[in-house]
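*Asks:*
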Amino acid sequence: MPWEVAVKLKEEGITYVSASPLGGNLVLLAPLKGVCVLEVLAELKEWTSKIFTSLNPWNSYTVVEERLVWIRCFGLPLHAWNVSGFNLIAKEVY
């Protein structure tokens with residue numbers, strides 16, 4: 096999950112990069128002041144290949160195409176606990 100990237104960076108001892116969830120499955124990795132982003136990516140190549148499906152430079156045209164939300168449901172019958180049931184609920188909320 097996007098919010099776990101900051102925790103994973105800390106666990107690896109990587110303190111010179113910050114991670115900010117942008118929404119959906121996008122995360123902004125930003126080097127701290129005085130750190131070259133190209134050097135960071137070269138150093139973290141093996142680690143990032145395990146965590147991310149792709150790395151792309153940020154630009155102002157980047158669009159988040161999905162959102163992750165939590166919906167609390169009460170009284171939902173057990174047989175409705177499936178993808179189609181949750182999709183019906185999400186369509187009503189959206």
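Counting in our numbering, the sequence shown runs without a single skipped number right up to 189 at its last residue. Ideal placement from N, C-alpha and C gives every residue a C-beta, glycine not left out. Quantities reported herein were computed from a predicted structural model and do not represent experimental measurements.
Have a look at asparagine 120 and isoleucine 166 and give me their C-alpha separation to the nearest angstrom.
*Replies:* As a first step, residue 120 is located in the sequence shown; it is residue number 25 there, counting from the start. As a first step, residue 166 is located in the sequence shown; it is residue number 71 there, counting from the start. Near 18 Å, if we compare the C-alpha coordinates of isoleucine 166 and asparagine 120.
*Asks:* Taking all protein chains shown into account, do 16 or more other C-beta atoms lie within 10 angstroms of the C-beta of valine 100, making it buried, or fewer, making it exposed?
*Replies:* What you label residue 100 is simply residue 5 of the sequence shown in a count that begins at 1. Buried, by the Cβ-count rule.
*Asks:* Okay, do the segment 114-134 and the segment 160-180 touch, 3+ Cβ pairs below 8 Å being the bar?
*Replies:* Contact holds: three or more Cβ-Cβ distances are below 8 Å.
*Asks:* Between which two residues does the beta strand (DSSP E) containing serine 149 stretch?
*Replies:* Your numbering for residue 149 matches position 54 in the sequence shown. Premise fails: serine 149 is in no beta strand (DSSP E) and is neither H nor E.
*Asks:* Are the Cβ atoms of tyrosine 111 and leucine 124 separated by less than 7 Å?
*Replies:* Position 16 of the sequence shown, counted from the start, is the residue given in the question as residue 111. Position 29 of the sequence shown, counted from the start, is the residue given in the question as residue 124. Not closer than 7 Å, so no.
*Asks:* By Cβ distance, which residues of its chain are closer than 8 Å to isoleucine 146, with the 5 residues on each side in sequence left out?
*Replies:* As a working mapping, residue 146 is identified with position 51 in the sequence shown. For isoleucine 146, where only same-chain residues beyond five positions count, the Cβ hits under 8 Å are Val100, Lys103.
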